[in-house]
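Q:
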Amino acid sequence: MEFGINFSFPNGEVGMIGTALSILMGFRVNSAYERWWEARTIWGSIVNNSRSLAREVIGFTSSGDHASPDAQQMIHRQIAFVQATTRQLRRQQGAIFLRTLVSNKEYSILDKKQHLPNALLLLHMQQLKELYEKKQITDFVFVQLETILTELTNNLGQAERIKNTPFPVPYSYFSFILVHIFACFFPFGMVEELGYLTIPISLIVTFIFLVIEQIAVEIQDPFASKDNDTPMTTISKSIEINLREMLGEEDLPIQITPKTGVLM
Amino acid sequence: MEFGINFSFPNGEVGMIGTALSILMGFRVNSAYERWWEARTIWGSIVNNSRSLAREVIGFTSSGDHASPDAQQMIHRQIAFVQATTRQLRRQQGAIFLRTLVSNKEYSILDKKQHLPNALLLLHMQQLKELYEKKQITDFVFVQLETILTELTNNLGQAERIKNTPFPVPYSYFSFILVHIFACFFPFGMVEELGYLTIPISLIVTFIFLVIEQIAVEIQDPFASKDNDTPMTTISKSIEINLREMLGEEDLPIQITPKTGVLM
Amino acid sequence: MEFGINFSFPNGEVGMIGTALSILMGFRVNSAYERWWEARTIWGSIVNNSRSLAREVIGFTSSGDHASPDAQQMIHRQIAFVQATTRQLRRQQGAIFLRTLVSNKEYSILDKKQHLPNALLLLHMQQLKELYEKKQITDFVFVQLETILTELTNNLGQAERIKNTPFPVPYSYFSFILVHIFACFFPFGMVEELGYLTIPISLIVTFIFLVIEQIAVEIQDPFASKDNDTPMTTISKSIEINLREMLGEEDLPIQITPKTGVLM
Amino acid sequence: MEFGINFSFPNGEVGMIGTALSILMGFRVNSAYERWWEARTIWGSIVNNSRSLAREVIGFTSSGDHASPDAQQMIHRQIAFVQATTRQLRRQQGAIFLRTLVSNKEYSILDKKQHLPNALLLLHMQQLKELYEKKQITDFVFVQLETILTELTNNLGQAERIKNTPFPVPYSYFSFILVHIFACFFPFGMVEELGYLTIPISLIVTFIFLVIEQIAVEIQDPFASKDNDTPMTTISKSIEINLREMLGEEDLPIQITPKTGVLM
Amino acid sequence: MEFGINFSFPNGEVGMIGTALSILMGFRVNSAYERWWEARTIWGSIVNNSRSLAREVIGFTSSGDHASPDAQQMIHRQIAFVQATTRQLRRQQGAIFLRTLVSNKEYSILDKKQHLPNALLLLHMQQLKELYEKKQITDFVFVQLETILTELTNNLGQAERIKNTPFPVPYSYFSFILVHIFACFFPFGMVEELGYLTIPISLIVTFIFLVIEQIAVEIQDPFASKDNDTPMTTISKSIEINLREMLGEEDLPIQITPKTGVLM
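Chains as they are written, first to last, in our numbering: chain H, 936 to 1199; chain F, 936 to 1199; chain C, 936 to 1199; chain E, 936 to 1199; chain A, 936 to 1199.
#1: Looking at the secondary structure, which residues open and close the alpha helix (DSSP H) in which Thr1092(E) lies?
#2: Jot down the residue ranges of each uninterrupted alpha helix (DSSP H) in the stretch 1034-1077 of chain A, minimum 4 residues, whole runs only, in chain order.
#3: For Tyr968(C), would you say it is in contact with chain E, using Cβ-to-Cβ distances shorter than 8 Å as the test?
#4: What's the gap between the Cα of Ala967(F) and the Cα of Ile952(C)?
#5: Kindly indicate if chain C contains any beta-carbon less than 8 Å away from that of Asn1039(E).
#6: In this structure, does DSSP put Gln1190(E) in helix, strand or coil?
#7: Find the nearest neighbour of Asn983(H) within the set Gly979(F), Ala1094(F), Lys1040(F), Ile1134(F), judged by alpha-carbon distance.
#8: Tell me the rounded alpha-carbon separation between Asp1156(H) and Pro1103(H).
#9: Which residue comes first and which comes last in the alpha helix (DSSP H) that contains Pro1004(H)?
#10: Who are the neighbours of Phe1075(C) on chain E, taking C-beta pairs under 7 Å?
#11: Output, in sequence order along the chain, the residues in the stretch 1169-1195 of chain E whose CB is closer than 8 Å to any CB in chain A.
#12: Can you tell me whether Ala955(E) is buried or exposed, with buried defined as 16 or more other CB within 10 angstroms of its CB?
#13: The alpha helix (DSSP H) with Leu1178(A) in it runs from where to where?
#14: Is there contact between the stretch 1052-1070 of chain F and the stretch 1042-1059 of chain H, where contact requires at least three CB pairs shorter than 8 Å?
#15: Contact between the stretch 1178-1189 of chain E and the stretch 998-1018 of chain E: three or more CB pairs below 8 Å?
#16: Can you pull the chain E neighbours of Ser1160(C), defined as C-beta to C-beta under 7 Å?
#17: Could you round the C-beta distance between Pro1105(A) and Glu1153(E) to whole angstroms and report it? I think they count as a contact, below 8 Å.
#18: Could you confirm whether any beta carbon from chain F is found closer than 8 Å to the beta carbon of Met1060(C)?
#19: Cys1119(E) CB to nearest chain A CB: under 8 Å?
#20: Would the stretch 983-998 of chain A and the stretch 1071-1087 of chain A be scored as touching if the rule is three or more Cβ pairs under 8 Å?
#21: What residues from chain A crowd round Gly1092(H), counting only those whose CB sits closer than 8 Å?
#22: Compute the Euclidean distance between the alpha carbons of His960(E) and Phe962(F), then round it to the nearest angstrom.
#23: Residues in the same chain with beta-carbon distance under 7 Å from Val964(F), minus the five sequence neighbours each way, listed in chain order, please.
#24: Is the distance from the Cβ of Gly1183(A) to the Cβ of Ala1002(A) below 8 Å?
#25: Going along chain F, which residues have a C-beta under 8 Å from Tyr1106(C)?
#26: At the 8 Å Cβ level, is Val1146(E) part of the contact set with chain A, yes or no?
#27: To which residues of the same chain is Glu1185(C) closer than 6 Å at the C-beta, ignoring the five residues directly before and after it?
#28: I'd like to know if Gly1029(E) contacts chain C, where contact means its C-beta is closer than 8 Å to some C-beta of that chain.
#29: Between Thr996(A), Arg1034(A), Phe1075(A), which lies nearest to Gln1062(A) when the distance is taken from Cα to Cα?
#30: Let me see if you follow: with CB-CB separation under 8 Å, is His1001(H) close to chain A or not?
#31: In whole angstroms, what is the alpha-carbon distance linking Arg1096(A) and Thr1020(E)?
#32: Express the C-alpha separation of Ile1083(C) and Ser1107(E) in angstroms, rounding to a whole number.
#33: Say yes only if the C-beta of Pro1105(E) is nearer than 7 Å to one or more non-hydrogen atoms of the ligand SAH, and no if none qualify.
#34: Which word fits Arg1034(A), buried or exposed, when buried means at least 16 other C-beta atoms lie within 10 angstroms of its C-beta?
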């Protein structure tokens, strides 16, 4: 009896530690989820701005029913921008994927650049400037098109911000530490009373906390080439299909379908 | 007595697991609610942008008290856009619903397109271009009207983002698993002491957690053709009534009233 | 003693149910509060846009120190818009309140319309068009003034969204059910041990949960003509005072003061 | 022994009430904190818009290196706007503080107005109109400067919204009631068992809840002339220093330093 | 036995205090994290606006493939702005770092100013005015470029707001107090029963709460020159590399790599 009463104390404390940890982990999962959703929202915005850019270059620079060569060139370059942004966020080197999307002259410029998406936006700007100097667009339309380039610059920078800013170290590190201290401390405090029952109960309780920790780790870095990433390859392909359809191209690429439930 | 003390331990642990689970589910319900509300906000924004587009095309392209044929055509096409967006989000195929809303020429173009809402926005843009080329609107008004098309592109892309991005798999999957582990584990740990009382108590406790899980599942996918969806059909009908009233049409459609409490 | 130990188990479960319910209710109150605050923010934005519209029509359309008749007409119509929006959100029928604020010609148009605020914004637009056609404003100023009409369209649509979208049914309904199940279950589980003390304790605990539920219900529908509503009548009166002061009128209405602490 | 077991029941209930109350208070503190931070953000935005207004009037209306008299007059009026907004939010009467900041003619107009900040923005607008009529600014620049006045109108209205909208009565009132019921009920339930220990323990527990309640009350009304207010006097002084430095004035006011840790 | 039962009461209360404190600390960590993330977002926005400014000055002011001297001067001044903002937020005095980035004439003006970033934006504005007066840019482009200066003004003011607004004193102060009261009170209440076990258990529980408090303190002031700050030096260097690459400079600075895991 004495032992029982004696150890009902640590039991209460274990409960309190568990509660404190639950609350900390709840906020942690929530913050991680918000990063994940912000990343997805940024890519949604890249979809929207790509479509608007395509509609505007077709509407503002073409006459008649067909897209002008300038519109075609800018829309292909926009497909290149989306792919370059994907590669930039995945830290993939090389500009070879641009060959079919930009002119040879542009390719030779881009090949020397460190930051391809930024260089592609500058090329967009330079083409707009030429159109303006040839009086094919008014200064007013020039500024409207530049505004979409500004939006794309923002999307690019926002995605890079999430990529380059790890979750604050003390927050994620101490969550990790506390969950593991708890996992070690928990069965130790129970073993005398529960005996062989300690093993399944400890496993379940510990499993729950490790799972919550794992959920947070899984979704907090949405550009880390893991299963629950923002599916940048799929979104890029969707953008390409939309933009080529708007150009009136007929041989559209085929949408990516998930393999074993995972979209890249 | 021994059994009683022995099993008071798991009781504390069950409580702690319940608390941890409650907190996780609280955040889960909250995230699901935020998705649901964001979806509703996007459709509210489609209402606003449709009304503003109608007001602007009437104001900028008409002279005198009556809406010009161009305004009429664009507003009918905007009603088509809203319906096409609804069908796109419900994965419904076919363009036949467009027959009464767009011209035959446009219908034959749209019938070949994969992405109807996007194609309708491009037709809006091409009509604006024609108005600009015929000098019926200045470049400044052209850009102002295009800005609303950009807003509608954003609304469309935002709704597609929610539709195409399931709740992060580890988050929803492990919540589901943990609730069901808890539901199994809970009566097993109580049966020796509570005896026949185990059944009603287990049922109530388990019921609560399954209900919270169910709330989250119900509202997290607001475009899934379930009872608690964003009522896209009703909102589309409201937009149609507003826009036709603005055009001065007199034979307005009748608003949808809920059947057995559910709006589609 | 046996009964005591036997029933210490349900006690723990009651605690866990209470915790789970507390967390669910915490999120519920928070979501309800956010709706309430969003509603208030929308009306704050109507104040701001009404003042900016007044300042712009005075600045852009008047010459000299006095407001032009056009400015006066638009500002009076803006007062009408604010009152019409209030009545629309309260589902009040009739256009008779507009008599002193708009011309007879406009009154006869408005009297036939289903959606008065929207029709008033269209009349704003038509007056701007006339000013533009008479070359009293440039196309640039025309677009700037139209931008404020777009803002007001957004405010109107946002308020209607909150009005027309009840809190998600499963969320509010099951919260209600769970609180009442708990309230019934709670004294039943305690009566054997606590005896006559059951009554005051049950009352207090149940009271707390019902109060939290009630807070959420009170504030979740901020346009429902209840005590804690957004005080639309008071805000409308403030806008009227501000706008008439900007016009240079001297016989300003008197601000509404709260009766028994409640503002409408 | 009997009493001990008998009263272990209320003990569990007290714990549950404490948990429920903790969660309610947690959300309450959080909502109060968000109001406080929103208020600070609004004043941050007033800083930004004042600086941008100053930069634009210097850039758009001056020629050469020195600020034009018009720029000087508008920037002094902007300093007046910031001070008038501070006084409006503190419900301070009188316009005498404006004497050194605006011309005599403007002072005689302002002295009769109920709402000084709004009247100052209208004077800004009228000066811009004069500049436009004298062809010193184009219509394009006119609209750009008016856009900043719209931003300032929004800031003013947002601050008034927080000032005029108390925290929802049922939320703050019932939190207050529940904390005090709990504080009364808590020692009453403990006294029989704990004896003289009741006093310190009750004091600590009650103290914690009253402190949390007090934190919420302290920060929920950020324009109430209390210690933790938005430091409007200090921010106004900073704006004055920045704006006078931009004008090239050399005898700048001195920044306010905190007295006993409190900034007004 | 009597003591055991007697002291099971405080045990429950300690648990409740622990829960209340956990919830308070949960919200506190969350608010601190939001400040930290907002700071990072502001600097992300400085990156975006710097790139857009560079792209626009190159596109709007240059002809042919090379950046004009004006573009070069503005982009170097923008690099100076970013460094000056970093130093302003770190309260570092002196303008000597500007020598290589601005002309001698500008350096002599800046050297006398209290607020360097603000003065640099005014110099940007004055250069734009000169370009406009020399008719190298239209008034429309002038306003578009000024819009980016407004964005940079906002970023600067937002960062200063976070720097100058400490976390609300009662919130952080009482959290600190409560955690330390709890840490003192906790072992005192346990010592009689647990004996020598008090020491490790108290250490662990207290450690957890102090760690959570510490996480909040670490991340709540993101411009305080601590390890978990926004890495302003690194971001400034990235901006410099991007901007010089856009100018076509070939001898780019080298990116900073973390030393012992810490970026400044």
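Backbone N, C-alpha and C fix where the C-beta goes; we use that ideal spot for every residue, glycine too.
A: According to the structure shown:
#1: Sequence check: residue 1092(E) is Gly here, not Thr. Taken as a continuous stretch (DSSP letters only), the alpha helix (DSSP H) holding Gly1092(E) covers 1074-1099.
#2: 1039-1045, 1051-1068
#3: yes
#4: 22 Å
#5: no
#6: coil
#7: Ala1094(F)
#8: 12 Å
#9: 1004-1024
#10: Asp1074, Phe1075, Val1078
#11: Ile1176, Asn1177, Glu1180, Met1181, Leu1187
#12: buried
#13: 1167-1181
#14: no
#15: yes
#16: Here the premise fails: no neighbours, minimum Cβ distance about 16 Å.
#17: 5 Å
#18: yes
#19: no
#20: yes
#21: Gly979, Ser980, Val982, Asn983, Arg986
#22: First, the residue type needs correcting, since residue 960(E) is Met and not His in the sequence shown. Those two C-alpha atoms are separated by around 17 Å.
#23: Ile1147, Ile1150, Ala1151
#24: yes
#25: Val964, Tyr968, Ile1150, Ile1154
#26: yes
#27: none
#28: no
#29: Thr996(A)
#30: no
#31: 19 Å
#32: 36 Å
#33: Ligands displayed in this structure: none; no statement on the ligand SAH is therefore possible.
#34: exposed
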